[in-house]
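Peer 1:
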Amino acid sequence: MNKFSRTARSVTFAAIVGLSLGISAPGAFAQDAVEAQTGNVALANAASLINKDQKATLTIHKFGDPTELGERTGEAKDREKAGNGTALNEVGFTIYKVLKTADGKTAINLNTNEGLAAAAGIKAGDYAKFVDAKGNVTEAGKEIIEKKGEEQKTANAEGKDGVTTFEIGTDHAPYLVVETSPKEGYTPANPFIAFVPMTKANAGENQGTEWNYDVHAVPKNYKKTPPQKTVTDQDENGKLAQAGDVVKYDISTTVRNIEAGKRLKYYYISDTLDAKNFDVMAETTKFAVSIDGESAAEGDYTVSKDRGSNAFRINFTVDGLKKLKSGSKVNVHVEAVKNSSEKVAPNQAIEWEPSSPSSDQDVDSDTPPEEPQPGDGRRTEVVQSRFGELKFTKVDAKGEALEGAEFKIYQTKRGGRCEDYSKLDLDKHAFEVKAQDANIDGGKGEQESVFKSTKEGGVHVTGLHVNDFVNNAPATDSSIDGTMTEYCLIETKAPKGKELLSKAVAFRLVASAETTKVEVPKEVTTWEVQPDGTVTNVKTAEETTTIDVPVYKPVTVTVGDKGEGKVVNIDDTTPQLPLTGGAGVGILAAIGAAIVAAGAWFARRGAKN
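All the letters of the sequence shown, read from the start, carry residue numbers -30 to -1, 1 to 579 under mature numbering (1 follows the signal peptide of the UniProt record, and there is no 0).
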């Protein structure tokens, strides 16, 4: 067998099995390209020549979550190998005919020895850059690759899922294959190059002797765990976070599959805190990052904070990227003080991770992290905290306003009721509430624990956490296993000349049947950040996301018969007691003395007679 005959077959097989950027798990093929030697030696027989009139096909068999990786042959039998994973339908692929080498200097033509040799060193990564996000060929790539038809999606074919076949016809060439519409929840497979036709039975140490015009590729990829965000506005003891308290957030992510010896080219986690509720620049706003349950080292990440958008981003450094492996669990813990009486605090985080393994770098590479493309991030679900207010008027028995009454509010533990406790033992079974007094600086000041009635008798407490929705989930109201809490209003100082309320007044903040739309803080799509994390510029999304939230109307409490929202104090009952000193006592003493004197006079008179 002559030298070029062996080389040509090796080159062709290497092209289809090896030009997927060296990523074995998600791509269809995974060996490095083999350098070809050129020559004009004639091929040995007709079977080893490409029949330019022979029609060819390229069939894609799409699988997800493989358990093992086997040898690829480019034949239909590759589909049946154990460990391929789950066949996936509705995955879109687009193919592009490779016309020239990536530098645009040399034409590629499988029907000539020179053209075939020119294809020997081509790699998918050099051509994938000529395909934009919509699957179209960029201006720079128009003379280098050519889109072949439209996107095709995998489906059931002859009882087998995950199949789509491209009719190549006699347009023999290397084809760049790009997964342009990944299945939701999965990372896309690496772009790869398939030679159609390719040398048959040339895998491993074999030496093929004929061409395969029915080429089969089995690209695989892995399910991507979506990022999650949780909010903690009720602690493990059942205490609710009020205005002025710390609200805690956790952003949990799972790193996608990364081939051994590779690392991600970037990894970021960003979040825009609601500026109506929190201040990302405040000293009380704190961040902590962990990888697989262990605190990340100081040099593994930086924190960028932007005052204008109220957003932050966790930026993994090169050292941090080297520690992220397939399936690594990353957690960003955020603590922020709610600084207003705003009724809803919505929040959504974003994980920024390269979706295509073709971009992964060698694990030892010190190349600085790149910036992601706008829109590449994966969003968490929107979480929210809800708050309400208490309003009532303090009046006397005539319905006239009373100034100077003082109140405290307690919150029961989960399932607790105010009626179960006396005023004296609430401290043992409930939490004293600190919130904002709307009558002081419009409710924008410091937390208050004592709430006083104004000259008009008004008491207005804002920033109270609702009772029926905690930690982004409904609270249950059950006598057996209920988790709903209750507020207990206690009068600690009566107005002058009035009696204290004798027992706690219970109230709850629960949703009405009405709803309203609330804007979610806009995400930052583009960050310009220095290596130390300092922000130089950001761009926010133009569109606005809204969510429907129940309306929490101000709660009122009523005591007495002066109308809804009126709390009546009766007059002081002290004057109804008998007097214990002063002029009244003197009169009684004088009367008693007169009676005694009269008795003595009558006694002496009787003795004389």
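Positions of the beta carbon are idealized from the N, C-alpha and C atoms, including for glycine.
1. Per the DSSP calculation, LYS67 is bridged to which residue(s)?
2. Is it true that the stretch 180 to 187 meets the stretch 28 to 46, where meeting means three or more beta-carbon pairs spaced less than 8 Å apart?
3. Between ILE565 and the rest of its own chain, which residues show a CB-CB distance below 8 Å, the 5 nearest in sequence each way excluded?
4. Check whether the Cβ atoms of TYR236 and PRO339 lie closer than 8 Å to each other.
5. Would the stretch 257 to 271 and the stretch 359 to 367 be scored as touching if the rule is three or more Cβ pairs under 8 Å?
6. What does DSSP give as the partner residues of GLU305 in its beta bridges?
7. Please classify PRO491: is it buried, with 16 or more other beta-carbons within 10 angstroms of its beta-carbon, or exposed?
8. Nearest to SER355 by alpha carbon, out of GLU493, SER329, THR200, THR485?
9. So, with DSSP's three-state summary, where would you put THR504?
10. Is the separation between the beta-carbon of ALA408 and that of THR446 shorter than 8 Å?
11. Do you know whose CA, among GLY62, GLU341, TYR380, lies nearest SER392's CA?
12. For the beta strand (DSSP E) containing LEU360, list its first residue and its last residue.
13. Can you give me the C-alpha to C-alpha distance between THR528 and THR424, rounded to a whole angstrom?
14. Checking the sheet assignment: what are the DSSP bridge partners for PRO316?
15. Say whether the stretch 489 to 503 touches the stretch 242 to 252, bearing in mind that this needs 3 or more beta-carbon pairs closer than 8 Å, one atom from each stretch.
16. Using only alpha-carbon positions, find the residue among LEU234, PRO520, SER274, SER260 that is nearest to MET251.
17. Could you tell me if LYS170 is buried or exposed, where buried requires 16 or more neighbouring beta carbons within 10 angstroms of its beta carbon?
18. Less than 8 Å between the CB atoms is what I'm expecting for VAL499 and ASN285, so what's the real figure, rounded?
19. In this structure, does DSSP put ILE163 in helix, strand or coil?
20. If we count the other Cβ atoms within 10 Å of its Cβ and call it buried at 16 or more, is GLN212 buried or exposed?
21. Using three-state DSSP, classify TYR457 as helix, strand or coil.
22. Go ahead and label GLN343 buried or exposed: buried means 16 or more other beta carbons lie within 10 angstroms of its beta carbon, across all protein chains shown.
23. On the premise that VAL61 lies in contact with THR124, defined as a C-beta separation below 8 Å, what is that separation, rounded to the nearest angstrom?
24. Taking three-plus beta-carbon pairs below 8 Å as touching, is the stretch 461 to 468 in contact with the stretch 370 to 377?
25. How many Å lie between ALA52 and LYS153 at the Cα?
26. Using the Cβ count rule (16 or more neighbours within 10 Å means buried), how would you classify ASP23?
27. As a quick exercise: from LYS292, ILE30, LYS293, pick the residue whose alpha carbon is nearest that of VAL148.
28. Quick one: residues in its chain with C-beta nearer than 7 Å to the C-beta of ALA12, no 5 flanking neighbours on either side, listed in chain order?
29. Kindly indicate which three-state DSSP category LYS130 falls into: helix, strand or coil?
30. I want to know whether the stretch 434 to 444 touches the stretch 474 to 482 - three or more CB-CB distances under 8 Å.
31. Please say whether VAL307 and GLY214 have beta carbons closer to each other than 8 Å?
32. Count the other C-beta atoms from every protein chain shown that fall within 10 angstroms of the C-beta of SER472, then say buried if there are 16 or more, exposed otherwise.
33. Ordered along the chain, which non-local residues of its own chain (more than five positions away) have a Cβ less than 6 Å from that of THR495?
34. Can you give me the C-alpha to C-alpha distance between PHE162 and GLN204, rounded to a whole angstrom?
35. Return yes when the Cβ of PRO197 is within less than 8 Å of the Cβ of ARG348, no when it is not.
36. Which of the three DSSP states is assigned to ARG49 in this structure?
Peer 2: The short version:
1. The sequence position of residue 67 within the sequence shown is 97, counting from 1. Beta-bridge pairing links LYS67 to GLU116, TYR145.
2. yes
3. One-based indexing of the sequence shown puts residue 565 at position 595. Once the five neighbours on either side are set aside, ILE565 has no close Cβ partner at all.
4. Reading the sequence shown from its first residue, position 266 is the one you call residue 236. Reading the sequence shown from its first residue, position 369 is the one you call residue 339. Result yes, Cβ atoms of TYR236 and PRO339 sit closer than 8 Å.
5. no
6. The residue given as residue 305 occupies position 335 in the sequence shown. GLU305 pairs with LYS218, LYS256.
7. Residue mapping note: residue 491 aligns to position 521 of the sequence shown, counting from 1. It is buried - the Cβ of PRO491 has at least 16 other Cβ atoms within 10 Å.
8. The count along the sequence shown starts at 1 and reaches residue 355 at position 385. Residue THR200 is the option with its Cα nearest to SER355.
9. Stepping through the sequence shown from its first residue, residue 504 is reached at position 534. Coil, per DSSP.
10. Here the question's residue 408 lines up with position 438 in the sequence shown. Here the question's residue 446 lines up with position 476 in the sequence shown. No, Cβ-Cβ distance for ALA408 and THR446 is not below 8 Å.
11. To locate residue 392, count along the sequence shown from 1; it is residue 422. Nearest of GLY62, GLU341, TYR380 to SER392, Cα basis: TYR380.
12. What you label residue 360 is simply residue 390 of the sequence shown in a count that begins at 1. Segment 353 to 366, the beta strand (DSSP E) holding LEU360.
13. Position 558 of the sequence shown holds residue 528. Position 454 of the sequence shown holds residue 424. Near 17 Å, if we compare the C-alpha coordinates of THR424 and THR528.
14. Your numbering for residue 316 matches position 346 in the sequence shown. PRO316 is bridged to GLN354.
15. yes
16. Walking along the sequence shown from the start, residue 251 turns up at place 281. Closest by alpha carbon: SER274.
17. In the sequence shown, counting from the first residue as 1, residue 170 sits at position 200. So LYS170 counts as buried.
18. The sequence position of residue 499 within the sequence shown is 529, counting from 1. The sequence position of residue 285 within the sequence shown is 315, counting from 1. Indeed, because the Cβ distance is near 6 Å, the residues count as touching under 8 Å.
19. Reading the sequence shown from its first residue, position 193 is the one you call residue 163. It is a strand residue.
20. Residue 212 sits at position 242 when you count from the first residue of the sequence shown. So GLN212 ends up on the buried side.
21. In the sequence shown, residue 457 corresponds to position 487, counting from 1. Strand.
22. Stepping through the sequence shown from its first residue, residue 343 is reached at position 373. Looking at its Cβ environment, which holds fewer than 16 other Cβ atoms inside 10 Å, GLN343 is exposed.
23. Along the sequence shown, one-based indexing puts residue 124 at 154. Along the sequence shown, one-based indexing puts residue 61 at 91. Contact holds; Cβ gap of about 5 Å.
24. yes
25. Reading the sequence shown from its first residue, position 82 is the one you call residue 52. Reading the sequence shown from its first residue, position 183 is the one you call residue 153. Rounded to whole angstroms, ALA52 to LYS153 spans 22 Å at the Cα level.
26. On the sequence shown, residue 23 is found 53 positions in, with the first residue counted as 1. By the neighbour-count rule (16 or more Cβ atoms within 10 Å), ASP23 is not buried but exposed.
27. Start at 1 with the first residue of the sequence shown, and residue 148 comes out as number 178. VAL148 has its Cα closest to that of ILE30, out of LYS292, ILE30, LYS293.
28. The residue given as residue 12 occupies position 42 in the sequence shown. Legend: pLDDT at ALA12 = 45, less than 50; position of this residue unreliable, no value from coordinates given.
29. In the sequence shown, the residue the question calls residue 130 occupies position 160. In the structure shown, LYS130 sits in a strand (DSSP, three-state: E or B).
30. yes
31. As a first step, residue 214 must be located in the sequence shown, where it is residue number 244. As a first step, residue 307 must be located in the sequence shown, where it is residue number 337. Yes, they are a contact pair.
32. The count along the sequence shown starts at 1 and reaches residue 472 at position 502. Exposed is the call here.
33. To locate residue 495, count along the sequence shown from 1; it is residue 525. Correct list, in chain order: PRO344, LYS509, ALA511.
34. Your numbering for residue 162 matches position 192 in the sequence shown. Your numbering for residue 204 matches position 234 in the sequence shown. Near 50 Å, if we compare the C-alpha coordinates of GLN204 and PHE162.
35. Position 378 of the sequence shown holds residue 348. Position 227 of the sequence shown holds residue 197. Their beta carbons are under 8 Å apart, which means ARG348 touches PRO197 by this criterion.
36. By 1-based counting over the sequence shown, the position of residue 49 is 79. Three-state result, ARG49: helix.
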